[in-house]
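K.L.:
There are 4 protein chains.
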Amino acid sequence: MIVALKANVSKERKHQLIEWLESMGLTVHVSEGMYQTVLGLVGDTNKVDMDLVASLDIVDTVKRVSEPFKCCNRKFHPEDTVVEIGDVKIGSGHFCMIAGPCSVESEEQIVGIAKAVKASGANMLRGGAFKPRTSPYDFQGLKATGLELLKIARRETGLPIVTEIMSVTDLPLFDDVDVLQVGARNMQNFDLLQELGRLHKPILLKRGLANTLKELLMSAEYIMANGNEQIILCERGIRTFDDYTRNTLDLAAVPMLHELTHLPVIVDPSHATGIARLVPPMALAAAAGGADGLIIEVHNDPLHALCDGAQSLRPEEYDVLAGRIRAVREAVR
Amino acid sequence: MIVALKANVSKERKHQLIEWLESMGLTVHVSEGMYQTVLGLVGDTNKVDMDLVASLDIVDTVKRVSEPFKCCNRKFHPEDTVVEIGDVKIGSGHFCMIAGPCSVESEEQIVGIAKAVKASGANMLRGGAFKPRTSPYDFQGLKATGLELLKIARRETGLPIVTEIMSVTDLPLFDDVDVLQVGARNMQNFDLLQELGRLHKPILLKRGLANTLKELLMSAEYIMANGNEQIILCERGIRTFDDYTRNTLDLAAVPMLHELTHLPVIVDPSHATGIARLVPPMALAAAAGGADGLIIEVHNDPLHALCDGAQSLRPEEYDVLAGRIRAVREAVR
Amino acid sequence: MIVALKANVSKERKHQLIEWLESMGLTVHVSEGMYQTVLGLVGDTNKVDMDLVASLDIVDTVKRVSEPFKCCNRKFHPEDTVVEIGDVKIGSGHFCMIAGPCSVESEEQIVGIAKAVKASGANMLRGGAFKPRTSPYDFQGLKATGLELLKIARRETGLPIVTEIMSVTDLPLFDDVDVLQVGARNMQNFDLLQELGRLHKPILLKRGLANTLKELLMSAEYIMANGNEQIILCERGIRTFDDYTRNTLDLAAVPMLHELTHLPVIVDPSHATGIARLVPPMALAAAAGGADGLIIEVHNDPLHALCDGAQSLRPEEYDVLAGRIRAVREAVR
Amino acid sequence: MIVALKANVSKERKHQLIEWLESMGLTVHVSEGMYQTVLGLVGDTNKVDMDLVASLDIVDTVKRVSEPFKCCNRKFHPEDTVVEIGDVKIGSGHFCMIAGPCSVESEEQIVGIAKAVKASGANMLRGGAFKPRTSPYDFQGLKATGLELLKIARRETGLPIVTEIMSVTDLPLFDDVDVLQVGARNMQNFDLLQELGRLHKPILLKRGLANTLKELLMSAEYIMANGNEQIILCERGIRTFDDYTRNTLDLAAVPMLHELTHLPVIVDPSHATGIARLVPPMALAAAAGGADGLIIEVHNDPLHALCDGAQSLRPEEYDVLAGRIRAVREAVR
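Protein chains in written order, with our numbering: chain X, 12 to 344; chain B, 12 to 344; chain S, 12 to 344; chain E, 12 to 344.
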């Protein structure tokens, strides 16, 4: 951490600050410039409240030089993490195609879609059983029944299943789920993250609507610090002033996250745009831009979907898209 | 709900859409304009996926004309709600002054601050026992011990206590807390909201970092739909491109919320700005702008505060501010 | 335009409103629903101040159903516009590769880069002569001299030149420039736009930092309404809370703009990210996502570039990228 | 400027970087920490492209420690600037009340409003003659005629006049205007700013929709660096995800700007909210929060206003508000 003091600070006040910093176990390197004194702090600077130091009247600026994330930091773990779910691998060149409906609605629906997307090349099945809805009056998902239907679809197709968990209290129901998804609204539900850190199964962690990449990585850190290192990050659009799409897909987050962390990064073009006809171009863009996979909503009857039909592709649209994604991946290899 | 169709839509497709809408129990009023057909939908339109309808290729625009929030809607409940905690009232002209440290650190600290802020005119005590922190390596609060220390401070001063709950599993510990706070990161933790709806005590609901007023009201609705109508809303800054303050205090939300809902609305200038010296001007602005109360961080030793010291006032600063707030309230009455 | 009135509005006040609307030359279709009266307005609704109507106390909501842009609207001009600059075509399957330095610095520099990017497949040369800089103390460009150097580079390579114009008063100097660029900060400099509408040469119109797609199209409309229909739109990143990249590239704007308008849309990954190593993945993503071209900064000596070196590729990096872009374009055709 | 290098950088590369920095006329202080080398740069660091240095692979972070604004910086000019227009003073405790219609429409209108707002205590008259409109099809103002009508209103009331200038070419028409306003869309129209810097009359500089405080100050710097030091800054709302008000009023910008600069800062609650009934609470909030003045839209017939009627107060509403503003200013003195 680097602390630059204001010009003309008295020796005494400088000394007080240095003493206080040293009292917190830090070593302080003082560099007296012509106009300004700069302190370099070495030690466990996580203990220091950077905002507090910055707010002192003798301090000009404070800058952390080391990121506070450790487990997920590529600096300390240069090789890509490859998350494995049965035969499916994600990361380091392994590309995953996750597809399925927003909500599980019936056995016929989920098994039908699972078979269709598998035939198109998907290697994992998504489907919501517990649904976070802005309104308490909206459909909240089939819950436990939905999880059972997902398992039936898995049995029929062999596709591992991904589904969202919203609460620690539901954990026992997710025992036999392959990948647990943390939704955007729960990205900073720290109690949930800590519990998931104690599991031995992959977590799909979605970026929150208004969270920075650093905050996303700190949330991954909550899981990893508890022992679970199988994390897939997911960019799914951020909230901006823009009003034509539901969210703004921040695709540059993909190569930036690849620099910062060794974890795989996938993209959800369905939630990012909220509009089915924008999903194919954004899916192709994500594949070209280096994503490690795509999670796409597919529904066999979007007109009657119980939620989020507007952003779902029909199976035949997904089939065409899957072929084009393979072509793009071939082209950028 | 109003659905405007595109120009030149065939009669057949119009008919199909109307039939489908009617199959969902809605009455459809058709208005044929010179250039455009407009459908007026009457009935329980919450069942209809507005985004799906909007995404149909024959549809131009869709517009909900009734807000989806009911319990908290001023239209159906024109009188201000007054939340009562013992002798303290909030709303409809009753102004609350909540003050205290970011985190409870020790008995001496919390009792000392409680006495000081009471002397300055505060009528409720805040203090964090369970702390949501971006980093798993940061101080997470004294938890159960912190709650006990708050109760000691209450006993010593008579001030009701407000403190944040982060997880349903912690609920039993909060039995004897006066007001439960839902933090910004948990504004859409729907399981938590539903549980709080089953309690018989006031909830202080903070607006999420990137949530609209409608989303804030829908979260209040989650609590109210479960039977608990004692809710205090809190504006605490939103995330924008702006980089001088931690968040951007959206003060116009106060009069706008007063229009939309009968619930009281308070302001948290400490978290909104993140900088102690901006707290007084923003607290005065909130009082002048019609807020029903203020929640302000006060610490007797900001330099050593375990978290968020940068935004805390010292007791003597709070004392001066409290007097100025009273003067402003007098002026705008 | 559709105006939904509040419930329980008196007949008299309804009548007053309808009369006022009719006094502005509009035909008003009244649709009395069970709970709500809806007015459909037909005629030249651009004369009506939608915000004023919305603010009336008897009005619930107002919704424009027709976009206010006409010349650039795909509804009235379904075929793609192809902008032609000599042999170079942009739009409707014609892809342009614009490359060059942020600023023109010397004859050697601009000619050298022009030859290099031409060899890599670029078909237009960019280079700033008039530079909009946040600080008055930063390098402002070589101005008229810079334009002369660009023309020398054009003579040496045959590449048409694109360069930014910042002020109406500089117009005479741009007589012999092939494409005039309007930068993000000037997207709503309406006087400049109107003057450019009187020219007979293509305009490259960049989206403003915080402008919606509708506003971008309205700015194109300012140019087109004055007679110049040769416009190339450019997505170059928007301002969000995100702090890892300079701006957030809003790639979904490309397919969305293609829906709304017949004008070609290109992408500037250099300014969008501000970081050279993110330019290749975002350029590939843009090509896969349907952009009609790319404008990329290339500098032969980024370390000494007078401005924006951080986002420039070296010629050899551009050469590799250009080949990959061709491969992606081939894959998505 | 402080440059922190990455760990494990070779001596040779460190040496190259230091040499390059020194070649730009800087003195480099090297501080070797245990884990990290930190360079302190002294000299005219404005010449150095911070983004370029930050992008070098051996560099971890770069931090400017001195703000790039000089003329408007409070550090170099601790006393408040007081802008004087005839008898009217703004800044350092002098509060200005600017009021008037969005657009000048007729002599009767502007004279009538001028008399009314003067009677309520306003000490300056605003009114748009040149109107920046998003759409080329909207009313663009009475232009030169509007300026003449403003002067008539000034003659009748003695109120100095404030009106927006959009283009350098219109400057001769503004010779007899008291205060020239630069609108939000032109905040970074650098050519215009430079020309205004050569005038000897006050400039009202509005913050752009998505501009940081630093950018606002750099734009003031463009004017001041050319010799004109009479600048009034104006906060008028920023663009955020929020959709209930037109913009989000960033009131904390007022005390923050007072810290950074000696220039007076006023607030425009009319454009910030876009809704007349939110203007009074936000005007009171601004007065309580330390603004040096308010610019408020007043119209005697908001229903027929040619633009922005939705945000205008009627004269009788302004009269009530003006009294309450005086009371709040008294309370916070």
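No residue lacks a Cβ here, since even glycine has one placed at the ideal position from N, Cα and C.
1. Identify which residue in Gly102(S), Ser66(S) and Asn311(S) has its Cα closest to the Cα of Ile121(S).
2. Count the other CB atoms within 10 Å of the CB of Pro292(E); is the residue buried (16 or more) or exposed (fewer)?
3. For Ala264(X) and chain E, any beta-carbon pair shorter than 8 Å?
4. Quick one: residues in its chain with C-beta nearer than 6 Å to the C-beta of Val20(X), no 5 flanking neighbours on either side, listed in chain order?
5. So if I threshold CB-CB distances at 7 Å, which residues from the region 199-212 of chain X count as touching chain B?
6. Between which residues of its own chain and Met37(X) is the CB-CB distance below 6 Å, once the five residues before and five after are set aside?
7. Starting from the N-terminal side, write out each stretch of the alpha helix (DSSP H) that is 4 residues or longer and does not extend beyond the region 172-243 of chain E.
8. Check whether the Cβ atoms of Gly248(B) and His273(B) sit closer than 8 Å, and answer yes or no.
9. Going along chain B, which residues have a C-beta under 7 Å from Arg250(S)?
10. Check Met108(X) in the structure and name its three-state DSSP category.
11. Secondary structure at Leu324(B), three-state DSSP: helix, strand or coil?
12. Considering only the beta carbon of each residue, do Phe252(E) and Thr145(X) sit closer than 8 Å?
13. Considering only residues of the same chain and omitting the five flanking positions on each side of Thr256(S), which have a CB-CB separation below 8 Å?
14. Starting from His40(S), follow its DSSP beta bridges and name the residues at the other end.
15. Quick one: what's got a C-beta closer than 6 Å to Gly304(X)'s C-beta in the same chain, skipping five residues either side?
16. Give a yes or no on whether the C-beta atoms belonging to Ala164(X) and Leu204(X) are separated by under 8 Å.
17. Would Leu271(X) and Ile234(X) qualify as a contact pair, given that the criterion is a beta-carbon distance under 8 Å?
18. Which residues in chain X have a C-beta closer than 8 Å to the C-beta of Ala110(S)? List them in chain order.
19. Of all Cβ atoms in chain B, is any one closer than 8 Å to the Cβ of Glu341(E)?
20. Taking all protein chains shown into account, decide if Glu33(B) is buried (16 or more other Cβ within 10 angstroms of its Cβ) or exposed.
21. Interface residues of chain B around Val179(X) at Cβ under 8 Å?
22. Name, going along the chain, the residues of the region 294-315 of chain S whose beta-carbon falls closer than 8 Å to a beta-carbon of chain X.
23. Using 8 Å as the limit for Cβ to Cβ distance, is Arg335(X) near chain D?
24. Do you know offhand how far Phe87(X)'s Cα is from Glu232(X)'s?
25. Output, in sequence order along the chain, the residues in the region 259-288 of chain S whose CB is closer than 9 Å to any CB in chain E.
26. Tell me, please, whether the region 122-132 of chain X touches the region 162-177 of chain X by the rule of three or more beta-carbon pairs shorter than 8 Å.
27. Going by Cα to Cα distance, which pick from Leu210(X), Asp261(X), Phe150(X) and Arg335(X) is closest to Thr223(X)?
28. What's the call for Ser42(S), buried or exposed, on a 16-neighbour Cβ count within 10 Å?
29. With burial defined as no fewer than 16 other Cβ atoms inside 10 Å of the residue's Cβ, what is the status of Glu341(X): buried or exposed?
30. Could one say the Cβ of Leu224(E) lies closer than 8 Å to chain B's Cβ atoms, at least one of them?
31. Under the rule that 16 or more other beta-carbon atoms within 10 Å means buried, what is Gly97(B), buried or exposed?
32. In this structure, does DSSP put Leu66(E) in helix, strand or coil?
33. Looking at the secondary structure, which residues open and close the beta strand (DSSP E) in which Ala15(E) lies?
34. Between the C-alpha atoms of Glu12(X) and His269(X), what's the straight-line distance to the nearest angstrom?
35. At a cut of 8 Å, does the region 108-115 of chain S reach the region 186-196 of chain E through at least three beta carbon pairs?
P.N.:
From the atom records:
1. Asn311(S)
2. buried
3. no
4. Ile69
5. Gln199, Asn200, Phe201 and Asp202
6. Here residue 37(X) turns out to be Leu, not Met, going by the sequence shown. Excluding sequence neighbours, Leu37(X) sits near Leu52 and Gly54.
7. 201-208 and 224-235
8. no
9. Phe252
10. strand
11. strand
12. no
13. Gly248, Ala283, Thr284, Gly285, Ile286 and Leu289
14. Gly51(S)
15. Ile101, Phe106, Cys107 and Ile277
16. no
17. no
18. Within chain X, no residue comes near Ala110(S); the closest Cβ sits about 19 Å away, beyond 8 Å.
19. yes
20. exposed
21. Ser178, Val179 and Thr180
22. Leu295, Ala296, Ala297, Ala298, Ala299, Gly300 and Gly301
23. Here chain D cannot be found, since the structure's protein chains are X, B, S and E.
24. 13 Å
25. Gly285, Ile286, Ala287 and Arg288
26. yes
27. Asp261(X)
28. buried
29. exposed
30. yes
31. exposed
32. Correcting the residue identity first, residue 66(E) is Ser in this sequence and not Leu. DSSP places Ser66(E) in helix when its eight states are reduced to three.
33. Ile13 to Leu16
34. According to the sequence provided, residue 12(X) is Met. The question's Glu does not apply to it. Cα to Cα, Met12(X) sits roughly 24 Å from His269(X).
35. no
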